[in-house]
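Notes follow the structure.
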């Protein structure tokens with residue numbers, strides 16, 4: 031049984047790491063739409079000693095990080111000679127941002143209904159590619175019942191010992207409009223949150239200053255862009 035699980039895992043990884051056979055190197059001047067399904071402002075997610083102490087605070091920070099993500103992504107793709115167009119996410123995609131893909135085979139694809147929505151956005155904006163940036167829910171640590179999602183600040187307290195981390199449970203995927211297919215994912219990683227030793231977690235974690243959340247969110251954006259650059263390099267956008 032264990033060998034079967036390993037084989038299935040390797041098939042999935044192999045599928046994720048490839049690009050479609052009919053995929054060609056993006057031409058310079060390709061029009062690329064950026065659709066952000068992440069929250070506009072960073073969140074503070076706290077995991078305490080017991081589940082009763084867990085919390086997820088949105089709206090504490092008023093900083094608009096959509097603009098920051100769009101700027102960083104646009105600057106990188108412009109290096110490859112592409113035209114970048116920020117696109118407002120449709121309500122359909124936002125509602126389905128945690129249910130974007132089908133895992134029925136060794137390859138992970140956008141679900142058909144989501145492909146149709148992406149095709150619609152592409153036609154309305156004359157796009158060659160669409161890049162989605164979306165939250166990826168996952169356990170706070172292996173076998174944890176506490177789940178994290180999105181970006182911002184993650185704090186963890188256990189029996190009086192507290193630590194702060196930059197939360198970057200976010201991913202990105204490129205949709206090739208012409209071939210109606212998705213390219214190599216960003217391969218984001220769980221359980222690798224960067225510790226923020228400069229942030230002191232107060233006795234009441236929910237009272238942490240919004241400036242601290244923003245500092246962690248800036249680090250999360252920096253970490254995201256490292257993986258994002260690897261993704262677009264592999265797909266030959268830059």
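In this note's numbering, the protein residues as written are 31 to 268. Idealized CB from N, CA, C, for every residue including glycine. All values reported here derive from a predicted model rather than from experimental measurement.
(request) Label residue 230 either buried or exposed according to how many other C-beta atoms from any shown protein chain fall within 10 Å of its C-beta, with 16 as the threshold for buried. (result) Residue numbering aside, residue 230 sits at position 200 when the chain shown is read from its first letter. It counts as exposed.
(message) Using only CA atoms, which one of 248, 162, 212 lies nearest to residue 195?
(response) The residue given as residue 195 occupies position 165 in the chain shown. That would be 248, whose Cα lies nearest to the Cα of residue 195.
(message) Just verifying my parser: in three-state terms, what is the DSSP assignment at residue 64?
(response) The residue you call residue 64 lines up with position 34 of the chain shown. Residue state, collapsed to three classes: strand.
(message) Assess contact between the region 77–85 and the region 183–195, defined as three or more Cβ pairs (one per stretch) separated by less than 8 Å. Is contact present?
(response) yes
(request) Within 10 angstroms of the Cβ of residue 254, are there 16 or more other Cβ atoms? Answer buried if so, exposed if not. (result) Numbered from 1 along the chain shown, position 224 holds the residue referred to as residue 254. Buried is the call here.
(message) Can you check which of these residues, 56, 140, 70, 147, is closest to residue 109 by C-alpha distance?
(response) In the chain shown, residue 109 corresponds to position 79, counting from 1. With distances taken between Cα atoms, residue 109 lies closest to 56.
(message) Among the candidates 219, 267, 84, 200, whose CA atom is the shortest distance from the CA of residue 70?
(response) Walking along the chain shown from the start, residue 70 turns up at place 40. It is 200 whose Cα lies nearest to the Cα of residue 70.
(request) Would you decide whether residue 223 is buried or exposed? Buried here means 16 or more other CB atoms lie within 10 Å of its CB. (result) Taking the chain shown and counting its residues from 1, one reaches residue 223 at position 193. Burial call: buried.
(request) Return the CA-CA distance between residue 267 and residue 98, expressed in angstroms with no decimal places. (result) Against the chain shown, residue 267 aligns to sequence position 237. Against the chain shown, residue 98 aligns to sequence position 68. The straight-line gap from Cα to Cα measures roughly 20 Å.
(request) Return the Cβ separation of residue 91 and residue 243 in integer angstroms, given the expectation that the two are a contact with Cβ distance under 8 Å. (result) Residue mapping note: residue 91 aligns to position 61 of the chain shown, counting from 1. Residue mapping note: residue 243 aligns to position 213 of the chain shown, counting from 1. Separation of the CB atoms of residue 91 and residue 243 is rounded to 5 Å, and the pair is thereby assigned contact status at 8 Å.
(message) According to DSSP, is residue 224 part of a helix, a strand, or is it coil?
(response) If you number the chain shown from 1, residue 224 lands on position 194. The DSSP-derived three-state label of residue 224 is strand.
(request) Going by CA-CA distance only, name the one from 61, 226, 177, 250 that's closest to residue 104. (result) Indexing the chain shown from 1 puts residue 104 at position 74. Of 61, 226, 177, 250, the residue nearest in Cα terms is 61.
(message) So, with DSSP's three-state summary, where would you put residue 80?
(response) Here residue 80 is taken as the residue at index 50 of the chain shown, counted from 1. In the structure shown, residue 80 sits in coil (DSSP, three-state: anything other than H, G, I, E or B).
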